[in-house]
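Once you know that position 363 of the sequence shown is 363 in UniProt numbering, the rest is easy, because the numbers rise by one and skip nothing. Take a look at the structure below.
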Amino acid sequence: MEINLNRIDYLQVGVISQKTMRLLPALGRKATQKVAVADHDGVITCFGMKKGEAVPVFKTLPGQKITRLDLGGALGTPQEKIFVCAGSEVKGYTKKGKQFLSFEANLTESINAMHVSGADLFVCASYIYNHYCDCKDQDYYLSGDKINDIVCLPAENLGRIVPVLACQDRVLRVLQGSELVYDIEVPGPPSVLELYNRDGGTNGEDILYGTVDGKLGLIRITDSSSSSKWEIDNEKKKGGVLCIDTYDILGDGVKDILVGRDDGTVEVYGFDSSNEPTLRFEHVLLESVTSIQGGCVGKESYDEVLTATYTGWVTGLTTESQQAEAGPGEEVKMSRETQSKVAALRAELDQLQMKVVQGREKYQQTAQSSTAVSAMPVFSINDKFTLCQDDASYSLTLEVQTAIDNLLLQSDVPIDLLDVDKNSAVVSFSECDSEPKGNFLLVTYRCQANTTRLELKVRSIEGQYGTLQAYITPRLQPKTCQVRQYLIKPLSLHQRTHTIEQDRPMNTLSLVGQFSFAEIHSWVLFCLPEVPEKTPAGENITFYFQNTFLGTQLEATYCKGEGHFKSDNISTISILKDVLSKEATKRKNNLDISYDINDDSVGHTLKMIHPKLEYQLLLAKKVQLIDALKELQVHEGNADFLIPEYRNILDESAYLLEEYKKQPAHLERLYGMITDLFIDKFKFKGQNVKTKVSLLLEVLDNYDLDSLMNFFNEA
1 MEINLNRIDY LQVGVISQKT MRLLPALGRK ATQKVAVADH DGVITCFGMK KGEAVPVFKT
61 LPGQKITRLD LGGALGTPQE KIFVCAGSEV KGYTKKGKQF LSFEANLTES INAMHVSGAD
121 LFVCASYIYN HYCDCKDQDY YLSGDKINDI VCLPAENLGR IVPVLACQDR VLRVLQGSEL
181 VYDIEVPGPP SVLELYNRDG GTNGEDILYG TVDGKLGLIR ITDSSSSSKW EIDNEKKKGG
241 VLCIDTYDIL GDGVKDILVG RDDGTVEVYG FDSSNEPTLR FEHVLLESVT SIQGGCVGKE
301 SYDEVLTATY TGWVTGLTTE SQQAEAGPGE EVKMSRETQS KVAALRAELD QLQMKVVQGR
361 EKYQQTAQSS TAVSAMPVFS INDKFTLCQD DASYSLTLEV QTAIDNLLLQ SDVPIDLLDV
421 DKNSAVVSFS ECDSEPKGNF LLVTYRCQAN TTRLELKVRS IEGQYGTLQA YITPRLQPKT
481 CQVRQYLIKP LSLHQRTHTI EQDRPMNTLS LVGQFSFAEI HSWVLFCLPE VPEKTPAGEN
541 ITFYFQNTFL GTQLEATYCK GEGHFKSDNI STISILKDVL SKEATKRKNN LDISYDINDD
601 SVGHTLKMIH PKLEYQLLLA KKVQLIDALK ELQVHEGNAD FLIPEYRNIL DESAYLLEEY
661 KKQPAHLERL YGMITDLFID KFKFKGQNVK TKVSLLLEVL DNYDLDSLMN FFNEA
C-alpha cells in the first residue's frame, strides 16, 4: 500500500537540536494536536493550527541553548507536561506554559540526552549518566565512550527501571541501578533510540535504534540478553538517522516507522505480511531533519508526519490534498481562505522588503560615521566529519542557518577530493606551494542561491597526518567567515570494531617506558579515529580496529608503562612506531621499543590488496577501449560483429566511465600502498631498498600476484 503526502510549512523558530519537537496528546480521538518546539535561543514555542494559521499557545523568554525536549506526567495519565534541558538545568512547563520545575543537575558538562518517565528523570552529559527520582539523586554511571541518546523501558510494563544508553563505540549499554548489566553490539555508532510503538511493543522490551551511518534496527531487550528482530542497511548511502517515531500513517492498523535523516530525507516504513519493514514513502527536505512525529496537526481527521529541521522550520507531510480539483473545462478556483492567506503573505512580504531597505540605508549612514564599529553577524554551523566504511572516505557535511556564499577548503596533507552527486556547487582548484608552506590542497566551492547544506568527500593517505580547514562564508552583510578544523590522523582509515580474527599472521610492536596511562591514551587518540577523548576507567584497555580500505586489522592494548600493538599489516606497525616515538620524544619520554615481524603477513596483505588492484587494472583497460569500440560501432553501423566481451564493454560504457571518474588516483593509491609495504618490510630488517622501487613499479606495470610475491621474497 503506497501513500501520498503533501508538504505544508507551519512556522520557523530559531536553530534547533536533535529531538526538540514533540506533539502534545490530542484531547479527542481525531482532534488536532498542539506542537511544542524548543530552539538554541532558549525559547519554547507551543502552537496549534486554526483556519490554516499557526496560533501560539505560549512562548517562553530567550535563555540558554535548549538541547532536548521531552514530554512527561504521572504514569497512566496523558503525557502533556513539557520538560527541556539547557546547560545542566532541567525545566518543566505545563501545557499552558506555566513553569513548575527548575532543577539544577550540578553536572560539569551540558546535558545532551534526557528521558522522563513519571517521577523519574534520566539525564546524560558526554560520558556521565544520572538518574533522579523526585529530583533526588538515585544512580550514576560512567560510560566508556560518549553517550548519544538514552531511553528507558516502560516501568509500568516491566515493574522495574531499565535504562538503555546509545554510545559512540557502536554499543547499546543496558543498566540496572548504577551497574552495567550487559552491552549490545550494533552495526554503527548509534545516534538515536526510541521505544517501538512508543511503549516498547507488546512486552515493553522493543527498542528502535538509528546509527550515524544511516542504519536502522529493532532490538528486543530482556533481563540478561538481547535479540535483533530486524535490521535495515543503508545501501543507497543516505544520511545518518537523527530521529525516529512510530505512528499508523498508512491507516492499515499497523504502526509504521517514521525516520528523519541528516541529509533531509524523511522516510515511512510499513510492514509486509512477513512483518519485515518496507519503504512506503520518501520525501527530501533541503536540510537535516532533527525531530519527527506522527499525529494530526493541520486539520481534524487528517494524519500527518510532522518534522522539524535544523534551521527551525516545522513542516508537515499531510494526508490532506493541498490542490483544488477542477472538472473538465473549469478553472481551478482558490478558496476564500487561501485567497486571504495569499493576500496576508503578500502584505507581510512588502513590509519585510521595506524593513530591509530601511535597515540598509541606516547601516550605510552609520558605516560612514568615523566612530562606527561594524558588528560581526553571528551564525550557527552544524558540521560533521565522519569516516564512511563502504568507500574508505571521509564525509564532511556543513549546514548553516543561512545561505552559503562560498566555502574554501585547505589542507596541509595530501588528500583526494571525491565526487558527490548531491553537490551542485561550482568547484575551483588553486595551485599550491606544497614544499615551503605545506599546502597540499586549496579548493573553492561557489554555492548556488539558497544552498544551506553542503556535502563533500575526501580520502586521506595513511601515514600522512595534519589538518583540513574549512572557511565558511555565508550570504550575510557585512561579509564574515568562520573557520572549522578537522584532524586527519596518522591511521585515518581505521575504524573501531568489536572483534578481530586472531588466526591472521600478526606483527607486534611493544613499548615500555615511564609514561602514565593518560599519556599513552593521548598518543593512541592522536594516532587513531573513534578513540574516546576521556582516559578509560580501570588500569588497562584494549581497542580493536579495522582498515576500511584494505580490511587489515589492529589490536591496541595498553596500560601505565607499557603498550602492545598487533596488526597483520607491517605498514600499520611502521606508522605507529614512527608517530608514537615522535610523540614520546616531544614529551621527553624515553621509550624502549621492540617489535616482532611475521614475514607471512606480507603475502597475506598482498593477497588482500590483489582483488582491488586487479579490478582497477581491468577497469582502466576497459575505459581505454571504449573510444575505439564506439568508433568501430559508428563505422560498421552496429556492434553485432564484436565478441561478447567487447559488446559488454560498450553496453556498460556509461557505468564504467562513471566508476572510473569516481576513483581518482585509485590505482596510484594502491601502488603507493604496495611500495610502502615493500619499504617497511625491509626497514624492520635494517635494509634500505628505496633504490629497488623502480624495479617494483616495473613488476606492477605487468601485474601478476605470483610474480609480485616472488619479487618481495627475492628482494
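Backbone N, C-alpha and C define an ideal beta-carbon position, used for all residues, glycine too.
Check, Outcome
"Determine the closest residue to Tyr93 out of Ala105, Glu104, Glu80 and Ala86, with distance taken between C-alpha atoms.", "Glu80"
"When burial is assigned at 16 or more other CB atoms within 10 Å of the CB, is Ala392 buried or exposed?", "buried"
"Between Val699 and the rest of its own chain, which residues show a CB-CB distance below 8 Å, the 5 nearest in sequence each way excluded?", "Ser707, Leu708 and Phe711"
"Could you tell me which uninterrupted beta strand (DSSP E) segments, each at least 3 residues in length, are contained entirely in the segment 150-221, listed from first to last along the chain?", "162-167, 171-176, 179-185, 190-195, 206-211 and 216-221"
"Using beta-carbon positions only, say whether Asp145 and Ala113 come within less than 8 Å of one another.", "no"
"Considering just the uninterrupted stretch of the alpha helix (DSSP H) at Glu645, what are its terminal residues?", "Pro644 to Asp651"
"Would Gly28 be called buried (16 or more neighbouring beta carbons within 10 Å of its own) or exposed?", "exposed"
"Under the three-state reduction of DSSP, which class applies to Tyr127: helix, strand or coil?", "coil"
"What three-state label does DSSP hand Lys612 in the structure shown?", "helix"
"Does Tyr655 come out as helix, strand or coil in the three-state DSSP assignment?", "helix"
"Taking the continuous beta strand (DSSP E) assigned at His498, which residues delimit it?", "Counting along the chain, His498 falls outside any beta strand (DSSP E), and DSSP gives it neither H nor E."
"Go ahead and label Ile643 buried or exposed: buried means 16 or more other beta carbons lie within 10 angstroms of its beta carbon, across all protein chains shown.", "exposed"
"If you compare alpha carbons, which of Glu652, Ile575, Val342 and Leu656 is closest to Leu677?", "Ile575"
"Over the uninterrupted beta strand (DSSP E) stretch that includes Asn702, give me the two end residues.", "Where Asn702 is concerned, there is no enclosing beta strand (DSSP E), given that its DSSP letter is neither H nor E."
"Determine the DSSP secondary structure at Arg669, reduced to helix, strand or coil.", "helix"
"May I ask which residues mark the beginning and end of the beta strand (DSSP E) holding Lys50?", "Ile44 to Lys50"
"Among the residues of its own chain, which have a CB less than 7 Å from the CB of Asn598, if the five just before and after it don't count?", "Pro505, Met506 and Asn507"
"Might you give, ordered along the chain, the residues of its own chain that have their beta carbon closer than 8 Å to the beta carbon of Gln687, omitting 5 neighbours on each side?", "none"
"Looking at C-alpha atoms only, which residue of Gly270, Thr290, Leu69 and Asn713 is the closest neighbour of Phe281?", "Gly270"
"For the alpha helix (DSSP H) containing Phe385, name the first residue and the last one.", "First-last for Phe385: Ile381 to Cys388, but that is the beta strand (DSSP E), not the alpha helix (DSSP H)."
"Would you check if there are 3 or more beta carbon pairs closer than 8 Å linking the segment 521-529 to the segment 491-499?", "yes"
"So, at 8 Å on beta carbons, what are the nonlocal neighbours of Ile626 in its own chain, with the 5 sequence-adjacent residues on each side left out?", "Ile649, Leu650, Ser653, Leu656 and Leu657"
"Could you check whether the segment 58-74 touches the segment 7-20, counting it as contact only if at least three pairs of C-beta atoms, one from each stretch, sit closer than 8 Å?", "yes"
"When the Cα atoms are used, what is the spatial distance from Glu89 to Thr290?", "21 Å"
"Let me know if Gly239 comes out buried or exposed under the rule of 16 or more other beta-carbons within 10 Å of its beta-carbon.", "buried"
"If Tyr129 sits next to Gln138, beta carbons under 8 Å apart, how far is it from one beta carbon to the other, in whole angstroms?", "So it is not a contact: roughly 11 Å between Cβ atoms."
"Is DSSP giving Ala403 helix, strand or coil here?", "coil"
"Taking the alpha-carbon positions, what's the Leu619 to Val420 distance?", "21 Å"
"Going by the DSSP bridge assignment, what does Pro56 pair with across the sheet?", "Phe47"
"Just the C-alpha distance for Gln364 and Leu349, rounded to the nearest angstrom, thanks.", "23 Å"
"Let me check one thing: in DSSP terms, what residues is His521 bridge-paired to?", "In the DSSP output, where bridge partners are listed per residue, His521 has none listed."
"Along the chain, which unbroken stretches of the beta strand (DSSP E) at least 3 residues long are found entirely within the segment 50-121?", "53-59, 66-72, 81-86, 89-93, 99-104 and 113-117"
"Between the alpha carbons of Arg261 and Ile16, how many angstroms are there, rounded?", "15 Å"
"Hey, could you find the ends of the beta strand (DSSP E) Arg39 is sitting in?", "One detail in the question is off: residue 39 reads as Asp in this sequence, not Arg. First-last for Asp39: undefined, no H or E at that position."
"How long is the line joining the alpha carbons of Asn6 and Asp263, rounded to whole angstroms?", "19 Å"
"Residues in its own chain within less than 8 Å of Thr499 by CB, not counting five upstream and five downstream?", "Tyr544"
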